[in-house]
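As C-alpha cells, the structure follows; a few thoughts come after it.
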Amino acid sequence: QQPVQSPQAVILREGEDAVINCSSSKALYSVHWYRQKHGEAPIFLMILLKGGEQKGHDKISASFNEKKQQSSLYLTASQLSYSGTYFCGTENYGGSQGNLIFGKGTKLSVKP
Amino acid sequence: DGGITQSPKYLFRKEGQNVTLSCEQNLNHDAMYWYRQDPGQGLRLIYYSQIVNDFQKGDIAEGYSVSREKKESFPLTVTSAQKNPTAFYLCASSPHPPGRNHGYTFGSGTRLTVV
Numbered sequence: 025q026q027p028v029q030s031p032q033a034v035i036l037r038e039g040e041d042a043v044i045n046c047s048s049s050k051a052l053y054s055v056h057w058y059r060q061k062h063g064e065a066p067i068f069l070m071i072l073l074k075g076g077e078q079k080g081h082d083k084i085s086a087s088f089n090e091k092k093q094q095s096s097l098y099l100t101a102s103q104l105s106y107s108g109t110y111f112c113g114t115e116n117y118g119g120s121q122g123n124l125i126f127g128k129g130t131k132l133s134v135k136p
Numbered sequence: 002d003g004g005i006t007q008s009p010k011y012l013f014r015k016e017g018q019n020v021t022l023s024c025e026q027n028l029n030h031d032a033m034y035w036y037r038q039d040p041g042q043g044l045r046l047i048y049y050s051q052i053v054n055d056f057q058k059g060d061i062a063e064g065y066s067v068s069r070e071k072k073e074s075f076p077l078t079v080t081s082a083q084k085n086p087t088a089f090y091l092c093a094s095s096p097h098p099p100g101r102n103h104g105y106t107f108g109s110g111t112r113l114t115v116v
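Residue numbers (our numbering), protein chains in the order written: chain A, 25 to 136; chain B, 2 to 116.
See the structure below:
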C-alpha cells in the first residue's frame, strides 16, 4: 500500500534537472509532495488533486496521472537549497479522508 | 505565528519505562497525526485524530497510546510494550476535511533513544 518512489537517491550538479517518481498500486485521490532536510520537519511543497493536474512552485513542479496512479516531481535548474529528502504522500480512494501514506523518500544531493 | 511544537527535542528512555512526547498546535487544525521515521523507511503512521476525544490506530500502533482531550494537543506515550522505540517521531496537523491547497504542517520532531 506504501507508494513506491524512484530513484532512491540522486546526485546533481547545480543547474541540472531531476525527476522523482511516485507510484501507487491503489487508486489515488490526491498526492502530496514534501521536502525534508536532515533532522528537520518535512516541509509541504504542493498537493495535486485530480488526474492530469500540474502545479509549479518556483522551479519545482509536479504532475499527477490518475490513470497510471502516479505522480512525478520535476526540479529544474537545481540549486544547492534543493538538497534534502523528498517524500510523496498519497491519499487513497476508500481510505480515511485526509490520511496520507508516505513513500520511503528520494534523497537528492545538489553539488556546486 | 501559528505552528506546531514538539517537545522535548531529544528524549532518552530506559528499558521498561513509559515516556510521553508532547505535540501542541495553534493552527486551529482539526486533524493531528503521529508518525515514526526510521532510516530508509519513510514515515509510518502510528495514530491519528480527526476530532477531539476520538482517535484511530495507524499502521504501527502497537506499543503506543495517545489522547486527544483538547483540539490543540495530541500527546503520544511510548509504552514499555514497544520493543524497538528508538526513532525520530514527527507530529503533524492539517485541516479536516482537507482543503485543496492544504498539506500537513509538521513539528520539528523528537528523537527518542533507548539507553
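We treat Cβ as the ideally placed atom computed from N, Cα and C, and that holds for glycine.
Item to check | Interface partners of TYR49 (chain B) on chain A, CB under 8 Å | outcome: Start at 1 with the first residue of the second sequence, and residue 49 (chain B) comes out as number 48. By Cβ distance, chain A contributes SER120 and ASN123.
Review point. Are GLY122 (chain A) and PRO98 (chain B) close, meaning C-beta to C-beta below 8 Å?
Key: Residue numbering aside, residue 122 (chain A) sits at position 98 when the first sequence is read from its first letter. Residue numbering aside, residue 98 (chain B) sits at position 97 when the second sequence is read from its first letter. Yes. Within cutoff.
message = For GLY108 (chain B), tell me which candidate among A:GLN60, A:TYR53 and A:GLN26 has the shortest Cα-Cα distance.
response = Counted from its first residue, the second sequence places residue 108 (chain B) at position 107. If we check each option's Cα against that of GLY108 (chain B), A:GLN60 comes out closest.
task: Please state whether DSSP places GLN106 (chain A) in a helix, a strand or coil.
output: As a working mapping, residue 106 (chain A) is identified with position 82 in the first sequence. Checking the sequence, you will find Tyr at residue 106 (chain A) rather than Gln. Correct three-state label for TYR106 (chain A): helix.
Practice prompt. Show which residues of chain A have a CB atom less than 8 Å away from the CB atom of LEU91 (chain B).
Written response: Counted from its first residue, the second sequence places residue 91 (chain B) at position 90. By Cβ distance, chain A contributes ALA65 and PRO66.
Check: Quick one: what's SER133 (chain A) bridged to in DSSP?
Finding: What you label residue 133 (chain A) is simply residue 109 of the first sequence in a count that begins at 1. DSSP lists A:ILE35 as the beta-bridge partner residues of SER133 (chain A).
- State buried or exposed for PRO201 (chain B), treating a residue as buried only when at least 16 other CB atoms are found within 10 Å of its CB. Nothing can be reported for residue 201 (chain B), as the shown portion of chain B is limited to 2 through 116.
The beta strand (DSSP E) enclosing LYS58 (chain B), as first and last residue numbers
On the second sequence, residue 58 (chain B) is found 57 positions in, with the first residue counted as 1. Segment 55–58, the beta strand (DSSP E) holding LYS58 (chain B).
ask   = In chain B, what lies closer than 8 Å to LYS128 (chain A) by C-beta?
value = As a working mapping, residue 128 (chain A) is identified with position 104 in the first sequence. The contacting residues are GLY41, GLN42 and GLY43.
Would you say HIS56 (chain A) reaches chain B, if we count a Cβ-Cβ gap shorter than 8 Å as a contact?
Stepping through the first sequence from its first residue, residue 56 (chain A) is reached at position 32. Yes, its Cβ sits closer than 8 Å to a Cβ of chain B.
HIS18 (chain A): first and last residue of the uninterrupted beta strand (DSSP E) it sits in:
Past the edges of chain A, shown from 25 to 136, lies residue 18 (chain A), and the structure says nothing about it.
Interface flag, ILE44 (chain A) vs chain B, CB-CB below 8 Å
Counted from its first residue, the first sequence places residue 44 (chain A) at position 20. For ILE44 (chain A), the answer is no, since every Cβ of chain B falls outside 8 Å of its Cβ.
**Asked** Using the beta-carbon of each residue, which ones in chain B are nearer than 9 Å to PHE88 (chain A)?
**Response** Position 64 of the first sequence holds residue 88 (chain A). Per Cβ cutoff of 9 Å: no residues; PHE88 (chain A) is ~13 Å from chain B at best.
Segments assigned beta strand (DSSP E), at least 3 residues, entirely inside the segment 30–86 of chain B = Within the segment 30–86 of chain B, the complete beta strand (DSSP E) runs of at least 3 residues are 32–39, 43–52, 55–58, 65–67 and 77–79.
By Cβ distance below 7 Å, which residues in the same chain neighbour LEU91 (chain B) in space, the five residues on each side in sequence not counted?
The residue labelled residue 91 (chain B) in the question sits at position 90 within the second sequence. Closer than 7 Å at Cβ, skipping near neighbours: TYR36, GLN38, LEU44, PHE107, GLY108 and GLY110.
**Item:** Extent of the continuous beta strand (DSSP E) to which GLN29 (chain A) belongs
**Value:** For the purposes of this step, residue 29 (chain A) is taken as residue 5 along the first sequence, with counting starting at 1. GLN29 (chain A) -> beta strand (DSSP E) spans 28–30.
From the DSSP secondary-structure annotation, give me the bridge partner or partners of LYS79 (chain A).
Residue 79 (chain A) sits at position 55 when you count from the first residue of the first sequence. Its beta-bridge partners are A:ALA86.
Looking at SER54 (chain A) and the ligand GDP, is the gap between the Cβ and the nearest heavy atom below 7 Å? Absence of the ligand GDP is noted for the structure shown, with no ligands found whatsoever.
Just to confirm, is the Cβ distance from HIS81 (chain A) to GLY104 (chain B) under 8 Å? Counted from its first residue, the first sequence places residue 81 (chain A) at position 57. Counted from its first residue, the second sequence places residue 104 (chain B) at position 103. Taking 8 Å as the Cβ cut-off, HIS81 (chain A) and GLY104 (chain B) do not qualify as a contacting pair.
Minimum C-alpha distance to SER66 (chain B) - residue among B:LEU12, B:PHE13, B:TYR34 and B:PHE89 = On the second sequence, position 65 is the one that residue 66 (chain B) refers to. The shortest C-alpha separation from SER66 (chain B) is found at B:TYR34.
* Check the Cβ of ASN102 (chain B) against every Cβ in chain A and list those closer than 7 Å, keeping chain order. => As a working mapping, residue 102 (chain B) is identified with position 101 in the second sequence. Those within 7 Å of ASN102 (chain B) in chain A are ILE71.
Does the segment 68–81 of chain B touch the segment 14–23 of chain B, meaning 3 or more C-beta pairs lie closer than 8 Å?
-> yes
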